[in-house]
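Peer 1: The structure follows.
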Amino acid sequence: MDGGCACGQIRYRLRSPPMFVHCCHCLDCQRQTGSAFVLNALIETDRVEILSGETILFAMPTDSGRPHDVARCPACGTAVWSHYGGLKFLTFARVGTLDEPAALTPDVHIYTRSKLPWMTLPPETPAFEAYYDSKTLWPAESLARRKALFG
Ligand SMILES: [Zn+2]
Ligand SMILES: [Zn+2]
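The opening position of the sequence shown corresponds to residue 3 in our numbering, with each subsequent residue numbered one higher.
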């Protein structure tokens, strides 16, 4: 799966399907995207191949005080992915920057407590008021990848 920023300077490739896909309805994601939610594909950073360009990292303020760095194109400012909690080996790739954003669908909806009220969620997808326990939700293969990543 390939993707990129609005101006085309940043081009990247996901070398495999992600481990899991989040649809996050938290207020930070709403503010930082200017939209109702953000779609993040969780994938090992070493499976994100940068085909062209170089991102710059912006440190976002967080309620938890843990770092959240957003990688943006230096020319057009498009956010292509981010790293939460200072974990540079784990990438949250913005699904909307893929060439085919429809290729990935959310595996879970999180922070629905701040979901915009007009937004109706599909009943078949798990949804949580805040965060969730990945051990109970992720498929075994993804959990194995997660374990390999975190050690
Ligand atoms: Zn750009
Ligand atoms: Zn969020």
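Glycine included, C-beta positions come from ideal geometry on N, C-alpha and C.
Taking the alpha carbon of A2 as the reference point, which residue from G10, W120, H111 has its own alpha carbon closest?
Peer 2: This structure leaves residue 2 out entirely; the chain is present only between 3 and 153.
Peer 1: From I52 to I12, what distance separates their C-alpha atoms?
Peer 2: Taking the sequence shown and counting its residues from 1, the one referred to as residue 52 is at position 50. Taking the sequence shown and counting its residues from 1, the one referred to as residue 12 is at position 10. Near 8 Å, if we compare the C-alpha coordinates of I12 and I52.
Peer 1: Starting from F152, trace the beta strand (DSSP E) in both directions and tell me its first and last residue.
Peer 2: Within the sequence shown, residue 152 is the residue found at index 150, counting from 1. Note, F152: premise wrong, no beta strand (DSSP E); alpha helix (DSSP H) at 142-152.
Peer 1: For L118, collect the residues of the same chain with a Cβ closer than 7 Å to its Cβ; drop the 5 residues on either side in sequence, then sort them by chain order.
Peer 2: For the purposes of this step, residue 118 is taken as residue 116 along the sequence shown, with counting starting at 1. Answer for L118: A38, listed in chain order.
Peer 1: Please classify M21: is it buried, with 16 or more other beta-carbons within 10 angstroms of its beta-carbon, or exposed?
Peer 2: Position 19 of the sequence shown, counting from 1, holds the residue named residue 21. With 16 or more other Cβ atoms within 10 Å, it is buried.
Peer 1: Tell me the rounded alpha-carbon separation between E46 and Q34.
Peer 2: Against the sequence shown, residue 46 aligns to sequence position 44. Against the sequence shown, residue 34 aligns to sequence position 32. Roughly 23 Å between the two C-alpha positions.
Peer 1: Quick check on this structure: which residue in E102, R96, K90, Q32 has the alpha carbon closest to the alpha carbon of T69?
Peer 2: Translated into positions along the sequence shown, residue 69 becomes position 67. The residue asked about is misnamed: residue 69 is Pro in this sequence, not Thr. Answer by Cα proximity: K90.
Peer 1: Of the residues T127, K137, A95, W120, which one's Cα is nearest the Cα of D48?
Peer 2: By 1-based counting over the sequence shown, the position of residue 48 is 46. If we check each option's Cα against that of D48, A95 comes out closest.
Peer 1: If distances are taken between C-alpha atoms only, which option among R115, L151, E56 comes closest to Y134?
Peer 2: Position 132 of the sequence shown holds residue 134. Selected option, being the one with the closest Cα: R115.
Peer 1: Which residue wins for smallest C-alpha separation from A61, given the options D109, L44, W83?
Peer 2: Within the sequence shown, the letter at position 59 stands for residue 61. Nearest C-alpha to A61: W83.
Peer 1: Could you give the DSSP three-state label for G55: helix, strand or coil?
Peer 2: Locating residue 55 in the sequence shown gives position 53, where the first residue counts as 1. Correct three-state label for G55: coil.
Peer 1: Under three-state DSSP, which class holds G98?
Peer 2: As a position in the sequence shown, residue 98 is number 96, starting the count at 1. Correct three-state label for G98: helix.
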